[in-house]
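Chains as they are written, first to last, in my numbering: chain U, 7 to 168; chain P, 7 to 168.
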């Protein structure tokens, strides 16, 4: 294996991108998430499903947290790391704190909808009972391009529908 | 019917209290929620289920929003009003904004865990895309007493277990 190949396609963030692309193909916001345990084993992976599931809470992050907690049979996942293609919103940041996740790794920053580095800044509040390690901006350009492509297509579709 | 009887036991906040008591009886945090439509029809009612369902997102508010959205087959509920016995946390406030609820009515304020009037103050952020009408402090004393009783019992149980 050459050095350039060492970033395998099945690393968690790559899987999150696969989920984001699959969500876009379903007409959902193109956001994907993967939850791994302390050994890096993938416990859950999902894209957004708010429209398909008629569930305003069905963001990718919420779904993988719920899936992994159900799999484990416990509501707290303190050894786990969440990879997601976009900065989580306030709802998802709150869920990350409730689940006691060890680390959050996200790709694109979200100045409009984000609740970690923007807006509600959930983990930065004195009353927040859990502060995961946060790593933002991983493969940011790639995630931003995916989002831009999706919203440009949506605008094209809207103008065709008029 | 005398004037003092006009507050029926099946008004939404009373139902939320019934759900809170039922949650406490299951060993969950004693919080209950009810979601009603524009006509006051109850679409969903639930207490907290985080422990029983092994789901860190299973707060009463999340469960009634998810139930009602599934019932309607749509992820937004702009005509609906949420009644809950405690100020929602940041996660639940985010879900309320995503669901576009018309109004939030809560009982006790929660200086430690609340995300509406405390902490993240989700609806007060310039980036928050939806601001429901918020009415807090309804039957606050009753809700506070229920919470205090629950946590006192929990402490008693803990000291017996030691």
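The beta carbon of each residue, even a glycine, is placed where N, CA and C say it ideally should be.
Rank the options by C-alpha distance to the C-alpha of residue i and give the top, closest one.
i, options, result
"residue 67 of chain P", "P:53, P:35, P:79, P:78", "P:53"
"residue 51 of chain U", "U:45, U:107, U:19, U:44", "U:19"
"residue 114 of chain P", "P:159, P:73, P:17, P:147", "P:147"
"residue 35 of chain U", "U:157, U:130, U:161", "U:157"
"residue 91 of chain U", "U:48, U:123, U:145, U:159", "U:145"
"residue 159 of chain U", "U:24, U:33, U:25", "U:33"
"residue 105 of chain U", "U:84, U:40, U:58, U:37", "U:84"
"residue 61 of chain P", "U:77, U:43, U:149", "U:77"
"residue 88 of chain U", "U:154, U:43, U:155, U:81", "U:43"
"residue 136 of chain P", "P:79, P:108, P:23, P:58", "P:108"
"residue 58 of chain P", "U:79, U:49, U:46", "U:79"
"residue 141 of chain P", "P:112, P:82, P:162, P:165", "P:112"
"residue 37 of chain P", "P:16, P:134, P:69, P:81", "P:69"
Secondary structure at residue i, three-state DSSP: helix, strand or coil?
i, result
"residue 33 of chain P", "coil"
"residue 147 of chain U", "helix"
"residue 178 of chain P", "Lying before the first or after the last residue shown, residue 178 of chain P is absent from chain P, which here runs from 7 to 168."
"residue 3 of chain U", "What the structure shows of chain U is the stretch from 7 to 168, and residue 3 of chain U is not part of that stretch, so it cannot be assessed."
"residue 163 of chain P", "helix"
"residue 50 of chain U", "strand"
"residue 154 of chain U", "helix"
"residue 117 of chain U", "coil"
"residue 21 of chain U", "helix"
"residue 7 of chain P", "Interpretation of residue 7 of chain P is limited by its pLDDT of 38, a score under 50 that renders its predicted location unreliable; the figure taken from the coordinates is listed afterwards. Here residue 7 of chain P sits in coil by DSSP."
"residue 72 of chain P", "helix"
By DSSP's criteria, residue i is part of a beta bridge. Which residues make up the other side?
i, result
"residue 112 of chain P", "P:90"
"residue 141 of chain P", "P:111"
"residue 122 of chain P", "According to DSSP, which records beta bridges pairwise, residue 122 of chain P is partnered with nothing at all."
Would you mind stating whether residue i and residue j have Cβ atoms separated by less than 9 Å?
i, j, result
"residue 110 of chain P", "residue 26 of chain P", "no"
"residue 71 of chain P", "residue 56 of chain U", "no"
"residue 86 of chain U", "residue 121 of chain U", "no"
"residue 139 of chain U", "residue 116 of chain U", "no"
"residue 74 of chain P", "residue 41 of chain P", "yes"
"residue 132 of chain U", "residue 125 of chain P", "yes"
"residue 103 of chain P", "residue 129 of chain P", "yes"
"residue 97 of chain U", "residue 99 of chain P", "yes"
"residue 30 of chain U", "residue 155 of chain U", "yes"
How would you write the range of the beta strand (DSSP E) that residue i sits in, first residue to last?
i, result
"residue 38 of chain P", "38 to 42"
What are the boundary residues of the alpha helix (DSSP H) that residue i is part of?
i, result
"residue 135 of chain U", "Looking at the DSSP string, residue 135 of chain U is not in any alpha helix (DSSP H), and its letter there is neither H nor E."
"residue 65 of chain U", "Segment: none, residue 65 of chain U is in no alpha helix (DSSP H) and carries neither H nor E."
"residue 98 of chain U", "96 to 105"
Verify the CB distance criterion: does residue i have a CB-CB separation below 9 Å to chain A?
i, result
"residue 71 of chain U", "Protein chains in the displayed structure are U and P, and chain A is not among them."
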